[in-house]
Each structure stands twice: as structure tokens, then as C-alpha cells.
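Numbering (the numbering used here), first residue to last: 560 to 665. Note that the Cβ used here is the ideal one computed from N, Cα and C, for glycine as well.
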Amino acid sequence: SWEANIARYLNYLMEKGKVVHWEYESHRFEFEKIKRGTRSYLPDFCVILKSGNLEWWEVKGYWTQKAKTAVKRFHKYYPDEKLVIIDKEIYKQIEQEFSSLISEWE
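What follows is the structure in C-alpha cells.
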């Protein structure tokens, strides 16, 4: 799966010293003021870079309306958090460049 391959990519980045730590679905962001519909967002990955900066990574091959709403609300309610979207185009770039270097790439 794409998420499994991105996890392998993150392990590769750790081996190369570019990523210090990462976790899968480790933190849910609540939208306190929202009473119905999409009331929270769970990014795929929490990534801590060598610089110490924290990023949230979302792997998205296909966008549902719910996913679009969640990301829009995430940006609104958590403007200081950095969200990296790995869409089809970015995933294919990563796959082309790194799949031969990473064991068990699917």
C-alpha cells in the first residue's frame, strides 16, 4: 500500500539521518467548534526532522469530500502545524527515485 511504502521511505530517511523519528496515526486533531460533520482529523504520519521541526504527513491517492473538509479545517484550526500532502504526483516521484533503494517496496 502507499502508506506502507511511505513508512518504508521514512525508515530510509531515518537511516540517512534526515528524519529523527516518525509515528503512524499518533495524534488526532479535534475541531472543538464544529458540532456536526467532520469534527476531527487524524494525519497518517507525525514526522520529526533532523532540524527538530515536526511535520504531519498525509498520503492521499484519492480525495473524498470528507478528507478535503478535514484538511481544510486542520489548516483553519491549527495554522501553525505543517501538513505535507503526499498526493499521487509526489508519491510517484518518491517511488521513481527511491523504490529500487528501499527493500520490500510494494
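Glu-562 and Leu-572 have their alpha carbons spaced roughly 15 angstroms apart. Exclusion of the five residues before and after Lys-577 leaves Leu-608, Lys-609 as the residues of its chain whose Cβ lies within less than 8 angstroms of its Cβ. Remark: C-beta atoms of Thr-597 and Ala-629 approach each other more closely than 8 angstroms.
A direct Cα-Cα distance of roughly 16 angstroms separates Leu-601 from Gly-620. As summarised for the segment 571 to 657, the continuous alpha helix (DSSP H) elements at least 4 residues long and confined to that stretch are 624 to 636, 647 to 657, given in chain order. Assigned with DSSP and collapsed to three states, Glu-562 falls in helix.
For the pair Glu-584 and Ser-599, the Cα-to-Cα distance works out to about 13 angstroms. Taking all protein chains shown into account, Arg-632 has 16 or more neighbouring C-beta atoms within 10 Å of its C-beta and is therefore buried.
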